[in-house]
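Visitor: Take this structure, written in structure tokens, and hold onto it; I'll ask about it next.
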Amino acid sequence: MTTVLGALATLFTALAYIAAAVLACLAIAVLIEQRNARRLAIKAAKAEQQRRWAEMVAVAKLMQEQKDETFEYAVNYGRIRRYPDDFKEAQ
Numbered sequence: 015m016t017t018v019l020g021a022l023a024t025l026f027t028a029l030a031y032i033a034a035a036v037l038a039c040l041a042i043a044v045l046i047e048q049r050n051a052r053r054l055a056i057k058a059a060k061a062e063q064q065r066r067w068a069e070m071v072a073v074a075k076l077m078q079e080q081k082d083e084t085f086e087y088a089v090n091y092g093r094i095r096r097y098p099d100d101f102k103e104a105q
């Protein structure tokens, strides 16, 4: 009877160690998954920031082009108003 109880105690101890090892592996897997999720979130944030910067640069370029066109139009309009005869000859 004692050997049966001893064998059962050893069996349950081994099962407890196996369960502890499985739980430890699961905990490590969860930590790895969290780290990967954090890395993906950082990559997504960087990509979003780069997209915003690209959008801002595109808007700035467009504004510069419009500013240049507006300035050129204003200069030409001023020349036409000041010297209308020169532009009539060119046409």
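Every number in the working numbering is 14 more than the matching position in the sequence shown, counting from 1.
Backbone N, C-alpha and C define an ideal beta-carbon position, used for all residues, glycine too.
Can you tell me whether DSSP reads Met-77 as helix, strand or coil?
Guide: Counting from one through the sequence shown, the residue named residue 77 turns up at place 63. Helix, per DSSP.
Visitor: Please list, in chain order, all residues of the same chain as Tyr-31 whose beta carbon is under 7 Å from its beta carbon, the five residues on each side excluded.
Guide: Counting from 1 along the sequence shown, the entry for residue 31 is found at position 17. So the list is empty, once near-sequence residues are dropped.
Visitor: Between Thr-27 and Arg-49, what straight-line distance do the alpha-carbon atoms span, to the nearest angstrom?
Guide: Taking the first residue of the sequence shown as 1, we reach residue 27 at position 13. Taking the first residue of the sequence shown as 1, we reach residue 49 at position 35. Going by the C-alpha atoms only, they are around 33 Å apart.
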